[in-house]
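For the protein sequence lines, the chains are A and B, in the order given.
In terms of my numbering, the first sequence opens at residue 1 and continues consecutively.
In terms of my numbering, the second sequence opens at residue 1001 and continues consecutively.
Even glycine gets a Cβ: it sits at the ideal position worked out from N, Cα and C.
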Amino acid sequence: MEQHSERSQDPLVEETEAERARSAASRLFDIRRVIGGLFVVYGVLVGLVGLFDGQPEIDKAQGLRINLWAGLLMLLFGVAMLAWQWLRPVEPPTVEEAQEV
Amino acid sequence: MDGGGLRLSMNGLDYGILALYFVTVLGVGFAARRAIRTSVDFFLSGRSLPAWVTGLAFVSANLGALEIIGMAANGAQYGMMTLHYYWIGAVPAMVFLGIVMMPFYYGSRVRSVPEYLRLRFNRPTHLLNAISFAVAQVLIAGVNLYALALIMQALLGWPLWVAIVVGAVIVLAYITVGGLSGAIYNEVLQFFVIIAGLVPITVIGLVKVGGVSGLMDAVRESRLGEAGLHAWQGTGSTDNPLGAHWIGIVFGLGFVLSFGYWTTNFAEVQRALSARNMSAARRTPIIAAYPKLLIPAVTIIPGLIAMVTVQGLGASEGDLVYNNAIPLLMRDLLPNGVLGIAVTGLVASFMAGMAANVSGFNTVFTYDIWQAYVRRDGSDEYYVRVGRLATVGGVLVGIGTAFIAAGFSNIMNYIQALFSLFNAPLFATFIIGMFWKRMSPLAGFWSLLSGTLAALATYLLYKGGVLHFNSDLEESFWGAGIAFATVAVVAAVVTPLTRPKPDDELQGLVYGMGGVDLKGDVLAGDRVWWRSPVLLGAIVLVLAVVLYIPVF
C-alpha cells in the first residue's frame, strides 16, 4: 500500500489508523443470522395465527388472509437470509489485506 | 391530544412481537461489544463492514418515523408530486456522494465529515461545523424521541414520559455497549422490519380501493383531482398541488437541498466511512438509492389510500390530521398479528432515526471536539470511554429536549427548520473546496459562516413577514439558493486576498491533487464488473427517470 504515503498526513488521523492494528472488528458476528432468526420466528408466529384467523379478522383485512400470507413471506425471507449466510459466509480478506494489517 | 380515537386494539401477540424486537435489538448491541477494542471499532465499526450492510444502514438512518409518517402525509396532501422527494430529491445526490465525493472522504481516512474541513481548511472552520453538528444532532434526537412518545401515546395509550424513557434507554444501551456496529446492525434489522410492517398496509389498502386503477379513479374524483396523479405536469407554473415550479424542484430540491442533506450530513456519511474498503464505501449510498427508489410505494401509496378512504382526513387538528394517515390505516385495516409487526416497524423507525443522530454525535464530540480541542494526548482506550460517556450525555440532553418539546410542541418544527438551514452552505463550502484547490483556509471559514448567516437571515425575515414566499417549501428553496450563492461569492472574494494551503497538504482532499487510491484496498470479490460503483450509480439514475414516465 505505498499509495497511502501520497495522502497528506494528519497526526490525529494517523494515530487512530495505527491503533487499527489491534482492531477486534473481525470478531463481529454476521447480522444475517439475527435477521434470519427474527423473521423465522415472526413468520411462524404470525403465520400460525393466520391459520386460525376467524371471519372478523379476514373481513377487517378486506377478505385477505393477511396474517397467513405475511407469515409465510416473512418465514421465507428469514430462511433465505439464513441460507445466504450459510452458502456465502463472510469473504475472508485477501493476501494483500492480511499483510496490510 | 388524548388520542383515544387512534387507539389500536393490540393483544398479547402484538405486544409479544414488539417485546421480542426490543430484546433482539438489545441482544445485537451486547453481541457487538466483543468486536470493540479500538476507537475505530467503536466509532466506525473498525471500517470492516460489507457494502450491503452499510448501504441498508444508510437508507435506514434516513428512514426515521418522522420521514415515513411525513411522506405518507405529503402523499395524502400533494399526491404524486411527493415522489420528487425521493427520485430527484435523493437519488442523484446519493449517486454523486458515492461516485464523486466518497473517494475524498474515505481515501483521506478522515474519521468524520467535520474532520474533512479541518484537513482541507483550518481549525476554526472545523470547530464551527463540529459544534453546530453536535448541537443539531442531540436536539434532533430529542425531537425524534418526542415524536416517538406522541405516537406511542396515541396508538398504545402509553404516558408520554414512559415512551420517552423506554425509547431513550434502549437506544442508549445498544449504542453505548455496541458502538456504531450496534447502531448499524440494528438499522439493517430495522429496515426489514419497517418494510414488513408497511407492506401489509399497502396491500390491504389497495384491495380496499380496487387495486391501482381503482385508486387512480378515486384520486381523480377527490380534492386533488387529475393533478394528484402527476409529478411534472403543471410545474410550468406554481399552479399545482405542491405550489412549486419545475426550476425550484430541479435546482432547489434536486440540487441544493438534497445535495446539502445527503452529501455532508455525517449521520449519513458515517455509515459509508464504516465500510471495509473504498469500493464498499463508494457503493454504500448507491446501494441505498435502490430501496430509496421503491420506498414511495409503501409511503405515498398508503397516503393516497388514506386520503380516499378516511372521511375527513386533512383536518387542521385532532385525529384526522394528514400525519395520521398511516396510523389510521393501521387501525382500520390490520388484524392482530400483522398489526404487531406494523407497530414494531413504526417503533423501529423512530429508534433508527434517533440512533443515527446519537452515533453521529458521539463520534463528532469525541474526535472533533474533545480530542482536537480539549484533551489531545489521551490513549485510544481513553477516547472510547469518552465516546461512551458522550453517548450517555447526548441521550440525556435528547431526553431533556423531548420533555421541553412536550411542553411547547411548536418547538419541534422550529428545531427542524433551523437545522435544515445549515446544510446548503455546508454543501457549498465542501463542493467548492473539493474542486477548487486555490480556495484558502480563511475563505473556507468566512464562506461557511456567512452562508449560514445568509440562510438564517432569509428564514427569519420570512418568518418576520419582511420577505414573502408562496409557501414554506418555496422559502426553503430560495433560502438554500441564497446561502449557496453567498458561499460562492465570499469564497471568490476572500481567496485572492489570503494565503492558499500548500499543495502537499491537499493531497487526497482536493480533486486533481492525487493521493486518492480507488483500487488499492479492493477485495478479490469486489473486482467483478457488477460491483462497479459507476455502473450501479448509472443504473439507478436511469431507473429514477424511467419510474417518472407513468406519473409524468
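Residues bridged to residue i (per DSSP)
| i | result |
| --- | --- |
| Ala1275 (chain B) | B:Leu1049 |
Sequence-distant residues of its chain with Cβ nearer than 6 Å to residue i (five each side left out)
| i | result |
| --- | --- |
| Phe1042 (chain B) | Ile1036, Gly1179, Val1384, Gly1387 |
| Val1528 (chain B) | none |
| Val1310 (chain B) | Leu1328 |
| Gly78 (chain A) | Gly36, Phe39, Val40, Gly43 |
| Pro1496 (chain B) | none |
Sequence-distant residues of the same chain with beta carbon closer than 8 Å to residue i, five excluded per side
| i | result |
| --- | --- |
| Pro1114 (chain B) | His1126, Asn1129, Ala1130, Phe1133, Phe1266, Val1364, Asp1368 |
| Ala1480 (chain B) | Gly1252, Val1256, Leu1257, Gly1260, Asn1423, Ala1424, Ala1455 |
| Val1250 (chain B) | Ile1088 |
| Val44 (chain A) | Gly71, Leu75 |
| Pro1341 (chain B) | It should be noted that the sequence gives Ile, not Pro, for residue 1341 (chain B). Cβ neighbours of Ile1341 (chain B) beyond the five flanking positions: Ile1017, Val1193, Ala1196, Gly1197, Pro1200. |
| Leu1215 (chain B) | Leu1206, Val1209, Ile1301, Leu1304, Ile1305, Val1308 |
| Ser1316 (chain B) | none |
| Ile1411 (chain B) | Ile1404, Ala1405 |
| Tyr1105 (chain B) | Val1113, Tyr1116, Val1269, Ala1272, Leu1273, Ala1281 |
Three-way DSSP call (helix, strand, coil) for residue i in this model
| i | result |
| --- | --- |
| Tyr1511 (chain B) | coil |
| Val1528 (chain B) | coil |
| Ala1315 (chain B) | coil |
| Trp1436 (chain B) | coil |
| Phe1187 (chain B) | For the sequence presented, residue 1187 (chain B) should be read as Glu rather than Phe. It is helical. |
| Glu1221 (chain B) | coil |
| Lys1463 (chain B) | helix |
| Ser1112 (chain B) | coil |
| Gly1234 (chain B) | coil |
| Ser1294 (chain B) | Looking at the sequence shown, residue 1294 (chain B) is not Ser but Leu. DSSP places Leu1294 (chain B) in helix when its eight states are reduced to three. |
| Arg27 (chain A) | helix |
| Gln1416 (chain B) | helix |
| Pro1200 (chain B) | helix |
| Ile9 (chain A) | Just to set this straight, residue 9 (chain A) is Gln in the shown sequence, not Ile. Of the three classes helix, strand and coil, the one that applies to Gln9 (chain A) here is coil, per DSSP. |
| Arg1007 (chain B) | coil |
| His1084 (chain B) | helix |
| Ala80 (chain A) | helix |
| Lys1208 (chain B) | helix |
| Gly1089 (chain B) | coil |
| Asp1380 (chain B) | helix |
| Trp1478 (chain B) | helix |
| Ile1036 (chain B) | coil |
| Leu1156 (chain B) | helix |
| Val1100 (chain B) | helix |
Neighbour flag for residue i against chain D, beta carbons, 8 Å
| i | result |
| --- | --- |
| Tyr1185 (chain B) | Among the protein chains in the structure shown, which are A and B, there is no chain D. |
Rounded separation between residue i and residue j - CA only
| i | j | result |
| --- | --- | --- |
| Gly1197 (chain B) | Gln1507 (chain B) | 47 Å |
| Leu1313 (chain B) | Ala1149 (chain B) | 22 Å |
| Lys1463 (chain B) | Phe1469 (chain B) | 10 Å |
| Arg88 (chain A) | Trp1530 (chain B) | 17 Å |
| Tyr1373 (chain B) | Arg1118 (chain B) | 12 Å |
| Leu1139 (chain B) | Arg65 (chain A) | 43 Å |
| His1245 (chain B) | Val46 (chain A) | 46 Å |
| Ala1147 (chain B) | Glu1067 (chain B) | 11 Å |
| Asp1319 (chain B) | Arg20 (chain A) | 52 Å |
| Phe1096 (chain B) | Asn1240 (chain B) | 29 Å |
| Tyr1290 (chain B) | Asp59 (chain A) | 35 Å |
| Ile1069 (chain B) | Phe1350 (chain B) | 10 Å |
| Leu1346 (chain B) | Ile1399 (chain B) | 19 Å |
| Arg32 (chain A) | Ala1057 (chain B) | 13 Å |
| Gly1052 (chain B) | Val1397 (chain B) | One point to set straight first is that residue 1052 (chain B) is Trp, not Gly, in the sequence displayed. If I take the Cα positions, the gap works out to 33 Å. |
| Thr1391 (chain B) | Gly1142 (chain B) | 13 Å |
| Leu1189 (chain B) | Val1025 (chain B) | 8 Å |
| Gly63 (chain A) | Leu1339 (chain B) | 16 Å |
| Pro1124 (chain B) | Trp1436 (chain B) | 20 Å |
| Glu100 (chain A) | Val1546 (chain B) | Low confidence applies to Glu100 (chain A): its pLDDT is 46, below 50, so where it sits in the model is not reliable, and the reading given next is rough at best. Each residue's alpha carbon lies about 43 Å from the other. |
Same chain only: Cβ atoms within 7 Å of residue i, ignoring 5 sequence neighbours per side
| i | result |
| --- | --- |
| Thr1498 (chain B) | Ser1440, Leu1442, Ala1443 |
| Arg1331 (chain B) | Leu1006, Leu1008 |
| Ser1048 (chain B) | Arg1276 |
| Tyr1185 (chain B) | Val1028, Ala1032 |
| Ile1099 (chain B) | Arg1282, Pro1533, Val1534, Gly1537 |
| Asp1503 (chain B) | Met1513 |
| Trp1158 (chain B) | Met1152 |
| Val1212 (chain B) | Leu1206 |
### Query
According to a CB-to-CB cut-off of less than 9 Å, which residues of the stretch 1331–1344 of chain B neighbour chain A?
Taking 9 Å as the Cβ-Cβ cut-off against chain A, the residues of the stretch 1331–1344 of chain B that qualify are Asp1332, Leu1333, Leu1334, Pro1335, Asn1336, Gly1337, Val1338, Gly1340, Ile1341, Thr1344.
### Task
Could you run through the stretch 38–52 of chain A and flag, in chain order, every residue whose CB is less than 8 Å away from some CB of chain B?
Within the stretch 38–52 of chain A, the residues whose Cβ lies closer than 8 Å to some Cβ of chain B are Leu38, Phe39, Val41, Tyr42, Leu45, Val46, Val49, Gly50, listed in chain order.
### Task
Pull out every residue of the stretch 66–87 of chain A whose Cβ sits closer than 7 Å to any Cβ of chain B, in chain order.
For the stretch 66–87 of chain A, which is checked against every Cβ of chain B, the residues closer than 7 Å are Ile66, Asn67, Ala70, Met74.
### Message
Closer than 7 Å between beta carbons: that is the criterion. Which residues of the stretch 1022–1056 of chain B meet it against chain A?
### Response
So the close ones are Thr1024, Val1028, Ala1031, Ala1032, Arg1034, Ala1035, Ile1036, Arg1037, Thr1038, Ser1039, Val1040, Asp1041, Ser1045, Gly1046, Ser1048, Val1053.
### Task
Could you please tell me which residues of the stretch 1281–1293 of chain B, in chain order, have their CB closer than 8 Å to any CB of chain A?
Residues: none.
### Query
Name the residues in the stretch 1154–1188 of chain B whose C-beta lies less than 8 Å from a C-beta of chain A; which are they?
So the close ones are Ser1181, Tyr1185, Val1188.
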